[in-house]
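Take the position in the sequence shown, starting the count at 1, then add 358; the result is the number in the working numbering.
Yeah, the Cβ is synthetic: ideal placement off N, Cα and C, and Gly gets one too.
Bear in mind that the values here come from a model prediction, so they are computed numbers and not experimental data.
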Amino acid sequence: MTGTRLHAPEPGWAIDADVVVVGSGVAGLTAALRCTAAGLRTVVVTKALLDDGSTRWAQGGIAAALGEGDTPEQHLDDTLVAGAGLCDERAVRTLVTEGPDAVRRLIETGAHFDTTSEGEIALTREGGHHRRRIAHAGGDATGAEISRALVEAIRDRGVHTVEHALVLDLLTDAAGRTAGVTLHVMDEGQHDGVGAVHAPAVVLATGGMGQIFSATTNPPVSTGDGVALALRAGAEVSDLEFVQFHPTVLFLGAGAEGQQPLVSEAVRGEGAHLVDADGVRFMLGQHELAELAPRDVVAKAITRRMREQDAEHMYLDARHFGAEMWERRFPTILAACRAHGIDPVTEPIPVAPAAHYASGGVRTDLYGRTTVPGLYACGEVACTGVHGANRLASNSLLEGLVFAERIAEDVVANGPHREGTPVPSAPPRVMPVLKPGLRPGLQRIMSANAGVLRSGESLRRAAAALEELSVDAVMDHLGRSSEPCTEAWEAANLLEVAGALVTAALAREETRGCHWREDRPERDDAAWRRHLIVSRDSHGLFAAHPTAGADFPSVTAEVSKEPQS
C-alpha cells in the first residue's frame with residue numbers, strides 16, 4: 359500500500375490473478391472480456407451484482423458515426439464544441455475513429471440494437487449532435503441491453519467474479535508498482551470480510567460519484583470509490599469540477615433525495631419541447647439547437663428560468679408524440695413517470711437538473727494508464743480528456759467501450775510481470791473511522807454550495823462545512839470502540855471526492871462548460887484553458903495544480919511498450 363489507506367482489518371484471504379478489474383459496467387466488463395480472451399487470469403470485482411452498475415441505467419444510447427453521411431470528423435467537431443475548449447483532441451479523435459468498429463464488436467458480443475424496417479441500426483439525435491448518430495436498444499433501455507449482453511458473455515466465458523465487494527485500497531510492491539487491491543466482501547458474497555486480489559495490473563472501472571449530491575441519476579453504489587482509492591494511492595485526478603447536471607430529471611419534490619428517474623435527452627431528440635408553466639418554449643433564441651443544445655447550456659437555461667420565475671421546476675412537453683410512440687420508443691420513461699403519477703401522453707413532465715455525470719476523474723493517457731504504474735482507469739471514473747468541460751450526450755458508453763479495449767491491449771502488450779510481493783513502500787497514513795451516517799449531511803452541503811450554481815463564497819462555505827463534518831464524524835467515535843463497516847468506508851470515499859471537487863472548483867475562477875461560477879460568469883481562455891490536476895500533498899492535504907495548456911502532460915516518465923496496431 360502507499361499514501362493513505364482506509365482503516366480496515368488485514369486481509370484474511372487472497373486470490374492471485376494477472377489483472378483485476380474493479381467495476382462491472384460497459385468499461386469494466388469490456389476490459390475483462392478482452393483480457394480473458396488474451397489468456398490472462400482475470401478477476402472482476404463489483405460492489406453489488408454484475409448488472410447493478412450505472413451502465414444499466416443509461417437510456418439514450420451510444421454515439422458513433424454509423425449513419426449514412428456521418429463521419430468521425432463530424433462527431434469530433436460536435437464533441438470539441440461541447441467540451442468548451444478543454445477536450446484533448448487526440449483522445450477525441452481516438453474515440454470517434456475507433457468507436458464505430460467498437461460498437462460493431464459489441465454487437466458481435468451479443469448486444470441487440472433497435473433497427474429500421476430495412477434492417478439498419480436505428481439512429482436518433484441528442485443534445486449537441488448535428489447528426490442522427492445515437493444507437494439505442496429497447497427504445498430507451500440501451501444500457502440494460504448492453505449490460506445484459508456483457509454479463510452473459512462474462513458468465514459464458516467463466517470469468518472469475520467477486521460480487522458484493524467494496525474495493526478498499528491499492529496494494530503496491532516494494533518498487534511502488536501496483537500489486538492488487540484490498541476489498542471487503544459483504545454478507546451475500548462468496549468470500550467473507552476483508553481480503554485481497556494480488557495482481558500486477560488493476561483496472562478501475564467503478565463509475566461515478568453522483569451520490570455526493572442530494573439529487574442524482576446515479577445508483578446508490580456511485581460513491582466515488584475509484585477516485586478516492588486513486589487519491590489515497592497517490593494518483594493524480596483531473597477536471598473534477600466539471601460535474602454534468604442532466605437538464606431533464608423527473609422532479610419528485612423539493613425534498614427528494616437519492617437516485618431520481620432520468621428523462622432521456624433522446625426525448626428531446628425526437629421533438630419534445632422545454633416549456634415553463636405558461637407553456638413558453640424558453641430555449642428558442644438561447645442556442646441554435648434550442649432544446650438540443652449541449653447539456654450545460656440547457657441546464658443553465660432551466661436554472662435561470664426557475665430563478666426568474668421562482669419556480670421549482672420546468673416542464674418537458676411531449677404530448678404530441680401520442681400514446682403509440684411513447685409506448686414503443688420510450689417505454690421505460692413512460693413507466694417511471696406513471697409510477698410517480700405523471701402521464702406524459704396527456705400532460706407535460708415536471709423536470710429539473712440533477713447531478714448526472716463526472717467528466718473528470720483519475721487522469722489517464724490514451725491507453726488508460728494512470729500516474730501509478732500498473733494502475734489503469736476507464737469509464738466514468740477516468741479522465742481521458744475526451745469530455746473536456748462538458749460531456750457530449752451518449753459519448754460515455756462509447757468512451758468506456760473504446761478505452762477499455764485499449765487498456766486490454768496495453769496490459770497484454772506489456773505482459774503480466776510481477777516485481778515482488780505486495781508490501782508497503784512506506785508506512786501509510788491510516789484514515790480514522792468515520793461515522794457511517796454522514797452521507798445526507800454531505801449531500802446537502804454539496805448541493806447547496808457546489809451544485810449547478812457556484813461561487814467563491816459558496817465553495818468556501820462548502821470547504822469549511824466538509825471540514826467540520828469530518829471532524830464531527832471522527833470526534834463522534836473518540837473514546838469508544840468503533841469497527842469500520844461498509845457505510846463508514848463509503849462515507850470516507852464520499853468525503854474524499856467531495857473535498858477534491860471543491861478544491862478544484864474553488865481554484866477555477868471562471869465559468870466553463872458545466873462549471874458555472876456566478877462570481878466569475880465569463881469564460882477566460884487566456885488564464886484557464888488548462889486542466890486542474892488535484893492530488894494529495896506531503897501533508898495529506900488537497901492541492902490543485904494547473905497544466906501548462908489544454909494538453910495533458912505525460913502520466914509517467916517511464917517508456918511503456920505500445921500495443922501493436
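Close CB contacts of residue 495 within its chain, under the 8 Å cut and outside five residues either way in sequence, are with 419, 469, 470, 471, 472, 502, 503, 504 (chain order).
Three or more beta-carbon pairs separated by less than 8 Å are not found between the region 393-403 and the region 722-738, which leaves the two stretches without contact.
With distances taken between CA atoms, residue 524 lies nearest to 407 out of 701, 407, 871.
When 611, 484, 868 are compared, the shortest CA-CA separation from residue 669 is found for 611. The beta carbon of residue 677 lies closer than 8 Å to those of 702, 703, 704, 705, 706 in the same chain, with the five residues before and after it left out. Taken in chain order, the complete alpha helix (DSSP H) segments of 4 residues or longer contained in the region 410-455 are 430-440. Secondary structure at residue 479: strand, using DSSP grouped into helix, strand and coil. CA-CA distance, residue 854 to residue 907, rounds to 27 Å. Secondary structure of residue 789 (DSSP, three-state): coil. Sequence-distant partners of residue 642 (beyond 5 residues in either direction) whose C-beta falls short of 8 Å from its own C-beta, in its chain, are 648. In the three-state DSSP reduction, residue 644 falls in the coil class, being neither helix nor strand.
Residue pairing of residue 707 in beta bridges, as defined by DSSP: 674.
Between residue 381 and residue 563, the CB-CB gap stays under 7 Å.
Counting only the Cα atoms, residue 499 lies some 8 Å from residue 415. Collapsing the DSSP output to three states places residue 374 in a strand. Annotation for residue 423: 429, 430, 432, 433, 454, 457, 458, 489, 491 place their beta carbon closer than 8 Å to its own, counting only its chain and skipping 5 residues before and after.
Per DSSP, the beta bridge partners of residue 875 are 812. In the structure shown, residue 794 adopts helical secondary structure according to DSSP, grouped into three states. 7 Å or more divides the Cβ of residue 426 from the Cβ of residue 624. For residue 690, the enclosing alpha helix (DSSP H) starts and ends at 689-697. Per DSSP, residue 913 is not a residue of any alpha helix (DSSP H), being assigned neither H nor E. Beyond the five residues adjoining it in sequence on each side, residue 851 comes within less than 6 Å, by CB distance, of 581, 582, 583, 586 in the same chain, given in chain order. Cβ neighbours of residue 861 within its own chain (closer than 7 Å, five residues either side excluded): 892, 900, 902.
Excluding residues up to 5 positions away in sequence, 862, 863, 866, 873 lie with their Cβ nearer than 6 Å to the Cβ of residue 599 in the same chain.
With respect to residue 608, residue 626 sits apart: the two C-beta atoms are not nearer than 7 Å. Comparing alpha carbon positions, the residue from 364, 487, 392, 467 closest to residue 752 is 487. One alpha carbon belongs to residue 728, the other to residue 557, and they sit about 16 Å apart. Counting only the Cα atoms, residue 603 lies some 14 Å from residue 870. Secondary structure of residue 462 (DSSP, three-state): helix. Segment contact: the region 677-697 against the region 534-542, fewer than three CB-CB distances shorter than 8 Å; contact not assigned. Apart from sequence neighbours up to five positions away, the residues of its chain that approach residue 508 with a beta-carbon distance below 6 Å are 387, ordered along the chain.
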